[in-house]
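Okay, structure first, notes after.
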Amino acid sequence: MPVGRSPGERAHAGAAARKIRRTTRRDDIVEAAERVFASRPFIKVSMRDIAKEAGISPALIYRHFADQQHLFLEAFLRGAKKLVERLEARLDESCTNPLEEASEVFISFLSENEHYFKMMTHFMLEGTVHDALLERLNAIERTVLDRFDSLFRACGAKGDVRLLSHCFFAALNGVLITFRRHPGRSSEEVSRHMHRLARTMASLFLHAIQDTEATRRPGGR
Numbered sequence: 026m027p028v029g030r031s032p033g034e035r036a037h038a039g040a041a042a043r044k045i046r047r048t049t050r051r052d053d054i055v056e057a058a059e060r061v062f063a064s065r066p067f068i069k070v071s072m073r074d075i076a077k078e079a080g081i082s083p084a085l086i087y088r089h090f091a092d093q094q095h096l097f098l099e100a101f102l103r104g105a106k107k108l109v110e111r112l113e114a115r116l117d118e119s120c121t122n123p124l125e126e127a128s129e130v131f132i133s134f135l136s137e138n139e140h141y142f143k144m145m146t147h148f149m150l151e152g153t154v155h156d157a158l159l160e161r162l163n164a165i166e167r168t169v170l171d172r173f174d175s176l177f178r179a180c181g182a183k184g185d186v187r188l189l190s191h192c193f194f195a196a197l198n199g200v201l202i203t204f205r206r207h208p209g210r211s212s213e214e215v216s217r218h219m220h221r222l223a224r225t226m227a228s229l230f231l232h233a234i235q236d237t238e239a240t241r242r243p244g245g246r
């Protein structure tokens, strides 16, 4: 005859089930927030809007997130992680210009997921983040920049390449800010133009690195 679980085992199983339910609920809230943030600016979104989208009461959201900025950041971090995963999946450092591949991935991902781009520019332009959240935001930014660092080294750049990564990151965002809503052009035309700009920019970075390293070699120009 099978023996039932002990009180300790039942308590452990119950705690595990509650943790799964809490994680699932938290994910549902973040996904609802992403949908709402995709439809309107951050400053025009309320916790009540997100609760309605998630099909729960506003009070329940506060059991998982201290305030709207915590929830906004959680949604943004999810997008940033997806971007890093896309970069990792697509990049091959043995290719002729991995910077070009990175620029294509960056432009494509943030064009396809514009709400993540809007979140990123919100943090860049507003610059107001709770101290408790700042390190999490900086950590995901470092993850992207670290990946760019490795690409620049694969292209032959020497020394501290973080400044190059900052320039590359800023230039890619500049392409999106300047052209993603270009008037008088179809979405297909805008996409082609942004990708062309990104490839051109990546080639300029690569040629600059190659020229710099050539001048450092004995007999270089």
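Our numbering numbers the first residue of the sequence shown as 26 and each following residue consecutively. For each residue, glycine too, the CB sits at the ideal point set by N, CA and C. Bear in mind that the values here come from a model prediction, so they are computed numbers and not experimental data.
| query | Taking the C-alpha atoms as reference points, what is the distance between T48 and A100? | reply | If you number the sequence shown from 1, residue 48 lands on position 23. If you number the sequence shown from 1, residue 100 lands on position 75. C-alpha separation (whole angstroms): 14 Å.
| query | Cα separation between Q93 and T237? | reply | Indexing the sequence shown from 1 puts residue 93 at position 68. Indexing the sequence shown from 1 puts residue 237 at position 212. Near 47 Å, if we compare the C-alpha coordinates of T237 and Q93.
| said: Quick check: the Cα distance between V109 and G184, rounded to an integer number of angstroms? | reply: In the sequence shown, the residue the question calls residue 109 occupies position 84. In the sequence shown, the residue the question calls residue 184 occupies position 159. Cα-Cα distance, rounded: 24 Å.
| Option nearest I285 by Cα separation, candidates R167, R51, F131 and P123 | The question about residue 285 has no answer here: the residues shown for the chain are numbered 26 through 246.
| Less than 8 Å separating the beta-carbons of A227 and E125? | Counting from one through the sequence shown, the residue named residue 227 turns up at place 202. Counting from one through the sequence shown, the residue named residue 125 turns up at place 100. Contact flag set, yes.
| task | For chain C, find out if any of its Cβ atoms is closer than 8 Å to the Cβ of R111; answer yes or no. | result | No chain C is present in this structure, which holds just one protein chain.
| query | Can you name, in chain order, every residue of its own chain whose Cβ lies under 7 Å from the Cβ of S128, other than the five neighbours on each side? | reply | Your numbering for residue 128 matches position 103 in the sequence shown. Excluding sequence neighbours, S128 sits near L197, A223, R224, M226 and A227.
| message | So R161 and L98 are supposed to be a Cβ contact under 8 Å. How far apart are they, rounded? | response | For the purposes of this step, residue 161 is taken as the residue at position 136 of the sequence shown. For the purposes of this step, residue 98 is taken as the residue at position 73 of the sequence shown. Right, the Cβ-Cβ distance comes to about 7 Å (below 8 Å), so this counts as a contact.
| Can the beta-carbon of D248 be found less than 8 Å from the beta-carbon of V61? | No information on residue 248 is available, as it lies outside the stretch 26 to 246 that the chain covers here.
| Same chain, Cβ closer than 8 Å to V247, five either side skipped, listed in chain order | With the chain running from 26 to 246 in the structure shown, residue 247 is simply not present.
| task | With DSSP collapsed to three states, give me the class of A141. | result | Position 116 of the sequence shown holds residue 141. The sequence given here places Tyr at residue 141; Ala does not occur at that position. In this structure, Y141 counts as helix in the three-state DSSP scheme.
| field | Selected residue, minimal CA-CA separation from H220, among D171, V200 and Y141 | value | On the sequence shown, residue 220 is found 195 positions in, with the first residue counted as 1. The option with the nearest alpha carbon to H220 is V200.
| task | Measure the C-alpha to C-alpha separation of R115 and G209 and round it to an integer number of angstroms. | result | Looking up residue 115 in the sequence shown gives position 90. Looking up residue 209 in the sequence shown gives position 184. Between R115 and G209, the C-alpha separation is close to 32 Å.
| field | Contained alpha helix (DSSP H) runs [length at least 4] in the region 152 to 192, N- to C-terminal order | value | Within the region 152 to 192, the complete alpha helix (DSSP H) runs of at least 4 residues are 156 to 179.
| Which term fits A58, buried or exposed, when burial requires 16 or more other beta carbons within 10 angstroms of its beta carbon? | Here residue 58 refers to the residue found at position 33 of the sequence shown. Buried: at least 16 other Cβ atoms inside 10 Å.
| said: Can you check which of these residues, R88, K107, E78 and I132, is closest to H218 by C-alpha distance? | reply: Within the sequence shown, the letter at position 193 stands for residue 218. Of R88, K107, E78 and I132, the residue nearest in Cα terms is I132.
| Hey, which unbroken runs of the alpha helix (DSSP H) at 4 residues or more fall wholly within the region 79 to 124? | 83 to 86 and 93 to 115
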